[in-house]
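Data block below; observations after.
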Amino acid sequence: MKILVTVKRVIDYNVQVRVKGDGSGVEKENVKMSMNPPDENAVEEALRIKEAGKADEIIILSIGEEKCQETIRTALAMGADRGILVKASDEVEPLAISKIVSKIVESEQPGLILMGKQAIDDDSNQTAQMTSALLEWPQATFASKIEIDGNSAKVTREIDEGLERIKVNLPFIASCDLRLNEPRYASLPNIMKAKKKPIDIKSAEDLGVDVSPRIENIKISEPPTRQKGVMVSDVAELVQKLKYEAKVI
Amino acid sequence: MDIQRESMEYDVVIVGAGPAGLSTSIKLKQINPDLNICILEKGSEVGAHILSGNVFETRALDELIPDWKEKNAPIKTKVKKEKFLFLGKTSFLSWPTWLLPGVQKNHKNYIISLANFCRWLASQAEELGVEIFPGFAASKIIYDEKDNIIGVQTGDMGINKEGNKKDNFEPGLNVMAKVTVLSEGCRGHLGKEVISKFKLDNNNSPQQYGIGFKEIWEIPKEQHDEGLVMHTAGWPLDNSTYGGSFCYHAEKNQVFIGYVIGLDYQNPYLSPYDEFQKFKTHPAISKILNNGKRISYGARALIEGGFQSLPTMHMPGALLIGCDAGTLNMPKIKGSHTAMKSGIIAAEVINEYIVNKLPLSEYENKFKNSWVYTELYKARNVKPSFQWSLIPAIIFTGIDQILFRGYLPFTLKHPHSDHESLIPAHKAKKIEYPKYDGKLTFDKTSSVYLTGTNHEADQPVHLKLKDPELPIKYTLNEYDEPAQRYCPAGVYEVDKTDQNSPKFVINAQNCIHCKTCDIKEPSQNITWVVPEGAGGPNYANM
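Going down the list, the protein sequences come from chains H and Z.
Here the working numbering runs 4 ahead of the position in the first sequence, where the first position is 1.
Here the working numbering runs 12 ahead of the position in the second sequence, where the first position is 1.
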């Protein structure tokens, strides 16, 4: 079985994101970029499934600018086998991503697709669901445990009420939660080996997918800064402030 | 813990992807493309741990990559105007630039981000085939049985707080090389080890350090003057404390504003961070920053010892270069070009060593015959003259630098190490700093937030106390535990919740790798070691 894992290049989670002065987007120049964290969980899970003898090849797919190759290399250094980069502008919307993934599935015929549950930059949380619809495959979103057994799998999902266990048939698509596993570090020798692993480069046009945006960005701005809290000395003062300053009671 | 380690072999392993190490790698590949070279960098990417003013002199770069302009180096903003101000509390005196010593004239230089320049240098190195591994810290030096350096060990990843292996444990490996180059920057932890082990600083004045702060501000167009370089001395520091500010108007309406304070300051109540914050409220400075927005913050220790403190830079199997040795030119307030040149010389010596078996000690001759040596020699008497306080030092520096051009027939010594300079708290005057206004001045927490600093939380504390009791038992009474104030990132706190038994708290995950604690702790009780690779700040354009 092949496993297809999608990875997205995003601004590193440690970086304080800054909105550009003209409100056209966020500053990405010279900012540290890295793999979307839940995608790392997806890569790790694929590796564990392969190590358990239940898969024989892991393919990493990333969609975006040329530099997404670095993100693919990170996954290859963790242990994945080969990569595919579909070149497109860096702001491809979830529907277009899903269409591209579907096209890659047609040619690669994986038995399982693993994705991060959402990207930390746009927080869309749509790609897995849309891809599932386009492929007419079962979906198991927010997975915190995946147990593959023959032609089906038991998946534990993180939901608002607690944990939900479902059974899905292969092939299916899972979106991975951070609780799924602890991603491994890439070792130096494996980083060296990853440099020699193949990355196939295609473009969205090659695949016949129209990636032009359907959403118009009007303006991006920072959330208003929160006012500092004040200490009140007693209940009377609190009521006073709520009534006359905050005007909420 | 018994750990099986893999080995990798290189001709040359370089520790630290700063201007010195990167220049070594590029020069080596230029003269001998067959050499296998790798660079280990503890930051998450090249540039993530680089912080500098920076007004850049291109001399070394012109030698290394003469066509840097065509290769689109991020060196664009030429210095076009200079100012030097002496600040009083609310007034200032503008010092005519023609009265400045030649080393402080910058008209041929550029305002750059050293972090971005290093990113570009790294891309040049990689094109030549140098292998750069960011996120991998060199944690130990490997010696053979005769104490020759034969490589370095990278840090283990995935060790928990208690020192046990986690599920994702990944052992560090041995990177073996014919020559090891230590280019970690000021107060590198491996550099510190070899200086002491091989007694490289035996005949020197003790090394002198400063702590440098930098913020990047985006300011209104009308307050911006691209290409303007301004330095100040005086307020808020008193006359016995060595230091001053820089304010560089870069591209995109940004200013790089910063402050450097000599770590030989005496008053344990002095807070370098707060001096910097206070400095920004001076009318001559606030008029530049008003209605602007602070977008970056960072701090790093820097070398101030210069010529007298420069250790021997070669040892069996290794070279110590850049500010890991201490090649910064303090009166010039520049170290990038000298670091690069020290790296270029290293490359020439290493190639001769590998190919023709010439000894690494050749470094000494080559260095002495280079312009770096002359530069550092001429600059040598400026910093030590400040032990006589500001005014005499300025008069002396005028005579030394303008009349004698650095060739006075004697060399002043640095009297003591920085950790010896504090006076006991009961003899010192308490300093009250103004509250942060959230517009020009900010607290440490919000500042550290801008550095993008992160460390894996579940790992051993990387700031080691030789005696864990000492901070409370001795340093708190004697010096009111100055770590609370000299640390620019709020790593050290004295928790007095229980009045009878205060606790010394180390918030190691806040550490921005500036090394000030390792330098200034009065009993040298704190040792900075590398945390797990990729930990530390994530500076973007510093």
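Glycine included, C-beta positions come from ideal geometry on N, C-alpha and C.
Everything numeric in this text was worked out from a predicted model, so none of it was measured.
{"Item": "Does the pairing of the region 179-186 of chain H with the region 69-77 of chain H give three or more beta-carbon distances under 8 Å?", "Value": "no"}
{"Item": "State yes or no: is the C-beta of Gly83(H) nearer than 6 Å to some heavy atom of the ligand PLP?", "Value": "Among the components modelled here there is no ligand, and therefore nothing to report on the ligand PLP."}
{"Item": "Could you tell me which residues DSSP puts in a beta bridge with Ala85(Z)?", "Value": "According to DSSP, which records beta bridges pairwise, Ala85(Z) is partnered with nothing at all."}
{"Item": "Assess, as a yes-or-no matter, whether the region 232-244 of chain H is touched by the region 148-160 of chain Z under the definition of 3 or more beta carbon pairs within less than 8 Å.", "Value": "no"}
{"Item": "Which residues in the same chain have their Cβ closer than 8 Å to the Cβ of Gly212(H), if we skip the five residues on either side of it in sequence?", "Value": "Lys107"}
{"Item": "Please state the DSSP three-state secondary structure of Asn341(Z).", "Value": "strand"}
{"Item": "Between which two residues does the alpha helix (DSSP H) containing His431(Z) stretch?", "Value": "Looking at the DSSP string, His431(Z) is not in any alpha helix (DSSP H), and its letter there is neither H nor E."}
{"Item": "Are at least three pairs of beta-carbons, each pair with one atom in the region 73-89 of chain H and one in the region 204-211 of chain H, less than 8 Å apart?", "Value": "yes"}
{"Item": "Indicate whether at least one CB of chain H lies closer than 7 Å to the CB of Glu18(Z).", "Value": "yes"}
{"Item": "Out of Lys247(H), Ile163(H) and Glu74(H), which one is the CA nearest neighbour of Arg13(H)?", "Value": "Glu74(H)"}
{"Item": "Residues of chain H with CB under 8 Å from Ile307(Z), in chain order?", "Value": "Arg22"}
{"Item": "Show which residues of chain C have a CB atom less than 7 Å away from the CB atom of Tyr189(H).", "Value": "Structure shown: chain C not included; protein chains present are H and Z."}
{"Item": "I need the boundaries of the beta strand (DSSP E) containing Glu444(Z), first residue and last residue.", "Value": "Taken as a continuous stretch (DSSP letters only), Glu444(Z) belongs to no beta strand (DSSP E), as it is neither H nor E."}
{"Item": "Any C-beta of chain H within less than 7 Å: which residues of the region 28-59 of chain Z qualify?", "Value": "Ser56 and Glu57"}
{"Item": "Could you tell me which residues DSSP puts in a beta bridge with Gly163(Z)?", "Value": "Ile154(Z) and Met188(Z)"}
{"Item": "Where does Ile406(Z) fall in DSSP's three states?", "Value": "helix"}
{"Item": "At 4 residues or longer, and completely inside the region 51-139 of chain H: list those alpha helix (DSSP H) runs for me, N to C.", "Value": "72-82, 98-112 and 131-139"}
{"Item": "What are the boundary residues of the alpha helix (DSSP H) that Pro284(Z) is part of?", "Value": "Pro284 to Phe291"}
{"Item": "Might you give, ordered along the chain, the residues of its own chain that have their beta carbon closer than 6 Å to the beta carbon of Arg497(Z), omitting 5 neighbours on each side?", "Value": "Ser283"}
{"Item": "With DSSP as the reference, label Met325(Z) as helix, strand or coil.", "Value": "coil"}
{"Item": "For Met235(H), name the three-state secondary structure that DSSP assigns.", "Value": "coil"}
{"Item": "Which of the three DSSP states, helix, strand or coil, is assigned to Tyr189(H)?", "Value": "coil"}
{"Item": "Excluding sequence positions up to five away, which residues of its chain have a Cβ less than 6 Å from the Cβ of Met342(Z)?", "Value": "Glu316, Gly318 and Lys395"}
{"Item": "So for Gly203(Z), helix, strand or coil by DSSP?", "Value": "helix"}
{"Item": "By how many angstroms is the C-alpha of Lys204(Z) removed from the C-alpha of Lys101(Z)?", "Value": "39 Å"}
{"Item": "Return the residue from the list Leu174(H), Lys201(H), Gln143(H) and Ala144(H) that minimises the CA-CA distance to Gly154(H).", "Value": "Leu174(H)"}
{"Item": "Quick one: what does DSSP say Gln220(Z) is sitting in, helix, strand or coil?", "Value": "coil"}
{"Item": "Would Gly147(Z) pass as a contact of Gln165(Z) if the rule is Cβ separation under 7 Å?", "Value": "no"}
{"Item": "Quick one: measure Cβ to Cβ for Lys10(Z) and Met242(Z), integer angstroms, because I've assumed they're closer than 8 Å.", "Value": "Outside the displayed span of chain Z (13 to 554) sits residue 10(Z), for which this structure offers no information."}
{"Item": "List the DSSP bridge partners of Leu8(H).", "Value": "Ile63(H) and Ile117(H)"}
{"Item": "For the alpha helix (DSSP H) containing Glu75(Z), name the first residue and the last one.", "Value": "Arg71 to Leu76"}
{"Item": "What's the gap between the Cα of Leu567(Z) and the Cα of Lys346(Z)?", "Value": "Nothing about residue 567(Z) can be reported from this structure: the residues present for chain Z run from 13 to 554 only."}
{"Item": "Measure the alpha-carbon distance for Lys103(H) versus Lys54(H) and round it to whole angstroms.", "Value": "26 Å"}
{"Item": "Measuring CB to CB, does Asp412(Z) end up less than 7 Å from Leu424(Z)?", "Value": "no"}
{"Item": "Going straight from the alpha carbon of Pro108(Z) to that of Val91(Z), what length do you get?", "Value": "17 Å"}
{"Item": "For Gly464(Z), decide whether its Cβ has a neighbour in chain H, counting only Cβ atoms nearer than 7 Å.", "Value": "yes"}
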